[in-house]
Amino acid sequence: MPCVRHELRTADRSRLLTAVVDCLRGGGLCVLPTETVYGLAVLPSRADATARARATKGRHAEQPFTCHLSRREQAAQLWPHVPANIDRLLTRYWPGPLTVILPALAGGTVGARLPAHEFTREVIAACGEPLWLSSVNRSGEPPLRDAASIEREFGEAIDLLVDDGPSPIGMASTIVRQTGPKLEVLREGILTADEVLHTAARVVMFVCTGNTCRSPLAEVLAREEVGKALGIAANDVLAHGLAFTSAGTGTLDGMPASDGSRTVALEAKLDLEHHRSCVLTPELLDRASFVYCLAQSHRRAVLAEMPGAADKLAMLRLDGLDVADPYGRELSVYRRTRDEIRAAVAARVTEWLS
């Protein structure tokens, strides 16, 4: 029997909501709009409907469906614990195009998303349980993004289709998984892996004056020391939840690291070629979990402009002494500065990983 297609824009919204919920509760297959792509929807409690959905898509039984929620609080029904880094992602991207996979209350893992489409969230809320939604396509093929194509390709297999025009984003959600210490990006959507990993991570910031000598060295040295402590490559530290950055209290955006800092970094097999200076702003301070000043003058400058930052502000050296500015000095001074900074960041690794 061909599916019934409803245009959301012209439909009686209340009646359509009732029709969709009745169809799903009766074991039907519905296609619902989201901001990413259309989703083939079934109630998880209807085993007959999930079997039909798998047969329609040609999807293997071991491939899980993603739970779609009507509100963030429903995640507590699926996951016993939400790590702090995942909480940052949910705060930033839900409702939106991000699917998160975590250890499930019932064992194994479960993926969940909070879609940004209001009507679809209303359907989920009215059903009283999360919905399983999967992109409308046959396994291995691209998802269909408009109702006409879906009706033409799957009209005999589905019962009800809610047409809300072409999907705004037009690509499937970004998928991340956390089952251990490392956050994995399994699939990129409109949210890139780099964006997601930086949003999830705790930020450690180093502050000097020009952000061309001391603080860039601190940034790359800290990343290397954490990598050593974890037994991983420095480039993999971000996926383990720490992002290192730097800024200046008296600089301009976009200046390269000084010649001396680039040289002594290279001697230590570290790369500052792509570093560009960044002006310290209240927004950057607010995002950081830890802020370390290379000299007392930097601490005073920060507090003069942003006194509310006092609780997260510290001197990099544990003894509170300044790391002297090597700018314009000979390479031997830069080397001493590099080694002094390395010792100071090594002494901080435990608190970043705690």
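The opening position of the sequence shown corresponds to residue 165 in my numbering, with each subsequent residue numbered one higher. From the three backbone atoms N, C-alpha and C, an ideal C-beta is built for every residue, glycine too.
{"Check": "Closest by C-alpha distance to Cys231, when choosing among Tyr202, Val264 and Ala468", "Outcome": "Val264"}
{"Check": "Nearest residue (CA-CA) to Asp483, options Ala507, Glu352 and Trp258", "Outcome": "Ala507"}
{"Check": "Cutoff 8 Å; reference Leu350; Cβ partners in own chain excluding five residues on either side", "Outcome": "Ile265, Ile339, Val340 and Arg341"}
{"Check": "Local Cβ density within 10 Å of Gly374, reported as buried at 16 or more and exposed below that", "Outcome": "buried"}
{"Check": "Sub-8 Å separation of Leu253 and Ser337 beta-carbons", "Outcome": "no"}
{"Check": "Residue environment, Ser379, which counts as buried when at least 16 other CB atoms sit within 10 Å", "Outcome": "buried"}
{"Check": "For Pro267 and Pro330, the rounded distance between their alpha carbons", "Outcome": "34 Å"}
{"Check": "Inside the region 187-211 only - beta strand (DSSP E) runs reaching at least 3 residues", "Outcome": "194-196 and 203-206"}
{"Check": "Opening and closing residue of the beta strand (DSSP E) in which Asp327 lies", "Outcome": "Leu324 to Asp327"}
{"Check": "For His170, the three-state DSSP class (helix, strand or coil)", "Outcome": "strand"}
{"Check": "Entirely enclosed beta strand (DSSP E) segments - the region 396-448, minimum 3 residues", "Outcome": "406-412"}
{"Check": "Any C-beta of chain C under 8 Å from that of Pro259", "Outcome": "No chain C appears in this structure, which consists of one protein chain only."}
{"Check": "Limits of the unbroken beta strand (DSSP E) element including Thr273", "Outcome": "Thr273 to Arg277"}
{"Check": "For Ser299, the nearest candidate out of Arg179, Leu477, Leu430 and Cys194 (CA to CA)", "Outcome": "Cys194"}
{"Check": "Where the beta strand (DSSP E) containing Val455 begins and where it ends", "Outcome": "Phe454 to Cys457"}
{"Check": "Alpha-carbon spacing of Lys392 relative to Arg512, whole angstroms", "Outcome": "13 Å"}
{"Check": "Contact between the region 452-470 and the region 480-495 (3+ Cβ pairs under 8 Å)", "Outcome": "yes"}
{"Check": "Close beta carbons around His439, own chain, < 7 Å, minus the five adjacent residues each side", "Outcome": "Pro380, Pro420 and Ala421"}
{"Check": "N- and C-terminal bounds of the alpha helix (DSSP H) containing Ser496", "Outcome": "Leu495 to Ala510"}
{"Check": "Residues near Thr343 by beta carbon distance below 8 Å, same chain, minus five either side", "Outcome": "Ile265, Leu266, Pro267 and Thr273"}
{"Check": "Counterpart residues of Phe370 in DSSP-defined beta bridges", "Outcome": "Ser410 and Tyr456"}
{"Check": "Rounded distance between the beta-carbons of Arg169 and Leu297, thought under 8 Å", "Outcome": "Actually they do not touch by this definition, with Cβ atoms about 18 Å apart."}
{"Check": "Span of the beta strand (DSSP E), counted from its first residue to its last, around Pro267", "Outcome": "Leu262 to Pro267"}
{"Check": "Proximity of Leu181 and Leu295 at Cβ, strictly below 8 Å", "Outcome": "no"}
{"Check": "Three-pair Cβ contact test at 8 Å for the region 444-452 versus the region 362-372", "Outcome": "yes"}
{"Check": "Whether Ala429 touches Asp435 by CB criterion (8 Å)", "Outcome": "yes"}
{"Check": "CA-to-CA distance, Glu383 to Cys377, given in whole angstroms", "Outcome": "11 Å"}
{"Check": "Euclidean distance between Cα positions of Glu293 and Glu431", "Outcome": "58 Å"}
{"Check": "His462 in three-state terms, based on DSSP", "Outcome": "helix"}
{"Check": "CB-CB length for Ala398 against Glu388, believed under 8 Å", "Outcome": "5 Å"}
{"Check": "Terminal residues of the alpha helix (DSSP H) in which Ile288 lies", "Outcome": "Glu282 to Cys291"}
{"Check": "Nearest to Thr200 (by Cα), restricted to the options Pro332, Ala312, Ser313 and Ala289", "Outcome": "Pro332"}
{"Check": "Counterpart residues of Met479 in DSSP-defined beta bridges", "Outcome": "Cys457"}
{"Check": "Check whether Val371 and Leu444 have beta carbons under 8 Å apart", "Outcome": "yes"}
{"Check": "Contact belief for Ala205 with Leu196 at Cβ below 8 Å, rounded distance in angstroms", "Outcome": "5 Å"}
{"Check": "DSSP beta-bridge partners of Ser298", "Outcome": "Leu204"}
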